[in-house]
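In my numbering, each residue's number is its place in the sequence shown (first place is 1) plus 11.
Since the structure comes first, as structure tokens, the remarks are kept for the end.
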Amino acid sequence: MPSDHHASDLVTKPLEELLTLAHEDGHYLSSKKGNRTPEYLETVNALRSENGGVLRSEQRSRIVEEEERAWSNAKAVLKRLGFAQWRRYNARRKQSIAMYTLKLGARATSR
């Protein structure tokens with residue numbers, strides 16, 4: 012039997028992949044709903060700029076807010092689909108927000 016060494020996460024970690032895809036869909040929904048403000052887009056552009064992505068405090072907070080919004084949108088989608096593994100969702104969400112908060116030196120704004 013072939014090893015899973017080269018298998019995609021969809022095969023080897025389907026729940027993790029589902030949560031990742033739901034979160035990314037949450038970003039799409041955030042954009043579609045008009046939640047990505049001009050200030051947020053300015054922040055994204057600053058990250059991509061030649062100044063090395065040095066962000067002001069409020070810009071760092073905008074990024075964390077968008078990450079939280081994407082997870083909230085993902086939760087709504089997962090609920091509609093009958094998802095039941097909320098402990099795993101909550102752990103993944105918490106880990107993701109903590110990583111952004113640590114990397115950016117920002118504060119989580121909710122939950």
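The beta carbon of each residue, even a glycine, is placed where N, CA and C say it ideally should be.
Being a predicted model, the structure only gives us computed values, none of them experimental.
Item	Value
Local conformation of residue 93 per DSSP, three classes	coil
Assigned exposure category for residue 37 - 16 Cβ within 10 Å defines buried	buried
Close beta carbons around residue 3, own chain, < 8 Å, minus the five adjacent residues each side	It is not possible to answer for residue 3, since the shown part of the chain is limited to 12 through 122.
Rounded straight-line distance, which links the Cα of residue 24 to that of residue 94	16 Å
Own chain partners of residue 90 with C-beta closer than 8 Å, once the 5 adjacent residues on each side are dropped	none
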